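To start, the structure under review is shown below, and the notes come after it.
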Amino acid sequence: MKYIILIFESIHKVMKAEQILAANKIKYDIIPTPKEFSSDCGISVRIDSSVEDIEIIKSVLLKNNLNFQIHNKK
Amino acid sequence: MKTVDAKGKLCPVPIIMTKKAINEMKENESLKILIDNETSVKNVTRFLEENGMKVSTKKEGNVYELMVNKTGSIPESVNAEDYCSVDNIQITNYVVAIQRNRLGDGAEELGTILIKGFINTLPEVSLKPKTIVFLNSGIFLALKDSPVLESLKKLEQMGVEILACGTCLDFYKKKEELGVGNISNMYDILEKLSKAGNVIYP
Chain A
1 MKYIILIFES
11 IHKVMKAEQI
21 LAANKIKYDI
31 IPTPKEFSSD
41 CGISVRIDSS
51 VEDIEIIKSV
61 LLKNNLNFQI
71 HNKK
Chain B
1001 MKTVDAKGKL
1011 CPVPIIMTKK
1021 AINEMKENES
1031 LKILIDNETS
1041 VKNVTRFLEE
1051 NGMKVSTKKE
1061 GNVYELMVNK
1071 TGSIPESVNA
1081 EDYCSVDNIQ
1091 ITNYVVAIQR
1101 NRLGDGAEEL
1111 GTILIKGFIN
1121 TLPEVSLKPK
1131 TIVFLNSGIF
1141 LALKDSPVLE
1151 SLKKLEQMGV
1161 EILACGTCLD
1171 FYKKKEELGV
1181 GNISNMYDIL
1191 EKLSKAGNVI
1201 YP
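Quick mapping for you: the protein sequence lines, in order, are chains A and B. Under this note's numbering, think of the first position of the first sequence as 1, with each following residue one higher. Under this note's numbering, think of the first position of the second sequence as 1001, with each following residue one higher.
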């Protein structure tokens, strides 16, 4: 499975992102930020990129003024 | 000749030690790696072969000796953990007792997100708990609509026992909705907790 990891600036942004993803019926997991991606926020969002459309996710999050970094992970 | 003694070490440590040694050596110098479990032998061999090196192995008693000649170096970007195979699962003698559907005290919405992070970490760590027990509102995390159901199922497949308090499922009228593990009672749960090496209450 291929995953993307979305890293946000703060836990509040992660919570906001959760609401938006859930409202858009996008499947996601909450995971601790992988050690290799340092971040101020220890909690990230993981999405299975073989199931979900990353472009749609990007656009719904950006529309809600949420900035994030994207990383790929096996 | 350089020797790496990785006896008693579990993945990814033998690979990290090997990588470090190789990168400190000169071209064509040879390295001996000592390992005492078959999984690590496979993982280290795959790591070296995929990075262009030939490995020969012999077994002396319970110890495997891997011999390799340095041919080329291993880039920093190669991640040792990627070579740990999944059969390297260790079930250890600790129990995780989840007593509510969030982690710690304080803001409820923070606790809700933290417990998801906690449970989703368990399949990733090398030392797995023997048992995970769900009590009181903790049972909501083991229901069919739980946001962490996938991780719990994965843990169950790896051999982690998952128990949900029957009285609690009954109280919240969720007996039919249990998505993972087995329904258990206080005798069983107390026995698991009392026999555990450590109990973690997240």
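For each residue, glycine too, the CB sits at the ideal point set by N, CA and C. Since the model is a prediction, treat every value here as computed from it, not as a measurement.
Item	Value
Give the secondary structure of B:Lys1154 by DSSP, where H, G and I count as helix, E and B as strand, and everything else as coil.	helix
Note down, in chain order, each residue of its chain lying with its Cβ closer than 6 angstroms to the Cβ of B:Gly1072, except the 5 sequence neighbours on either side.	Gly1052
Can you find a CB in chain B that lies within less than 7 angstroms of the CB of A:Ile31?	yes
For the alpha helix (DSSP H) containing B:Tyr1187, name the first residue and the last one.	1186 to 1195
Is the beta carbon of B:Pro1202 sitting closer than 7 angstroms to the one on B:Leu1135?	no
Where does B:Tyr1064 land, buried or exposed, given buried means 16+ other C-beta within 10 angstroms?	buried
Going by DSSP, what residue range makes up the alpha helix (DSSP H) through A:Ile54?	54 to 63
Starting from B:Gly1117, find everything on chain A with Cβ-Cβ shorter than 7 angstroms and list it in chain order.	Ile30, Ile31, Pro32, Ile43
Would you decide whether B:Val1125 is buried or exposed? Buried here means 16 or more other CB atoms lie within 10 Å of its CB.	exposed
Taking the alpha helix (DSSP H) that B:Asp1145 falls in, what are its first and last residues?	That residue, B:Asp1145, is in no alpha helix (DSSP H); it is neither H nor E in DSSP.
Taking the C-alpha atoms as reference points, what is the distance between A:Ser10 and B:Leu1110?	12 angstroms
Please classify B:Lys1116 as buried or exposed, where buried requires at least 16 neighbouring CB atoms within 10 angstroms.	buried
Classify B:Pro1075 as buried or exposed, calling it buried when 16 or more other Cβ atoms lie within 10 Å of its own Cβ.	exposed
Note the first and the last residue of the continuous beta strand (DSSP E) segment covering B:Met1067.	1063 to 1069
Cβ of B:Thr1039 versus every heavy atom of the ligand COA: is any distance shorter than 6 angstroms?	Looking for the ligand COA in the displayed structure turns up nothing, as the structure carries no ligands at all.
Would you check if the segment 5 to 24 of chain A and the segment 53 to 72 of chain A touch, i.e. whether three or more CB-CB distances between them fall below 8 angstroms?	yes
Excluding sequence positions up to five away, which residues of its chain have a Cβ less than 6 angstroms from the Cβ of A:Arg46?	Tyr3, Ile5, Asp29, Ile31
Of all Cβ atoms in chain D, is any one closer than 7 angstroms to the Cβ of B:Asn1120?	As a matter of chain content, chain D is missing from the structure shown, whose protein chains are A and B.
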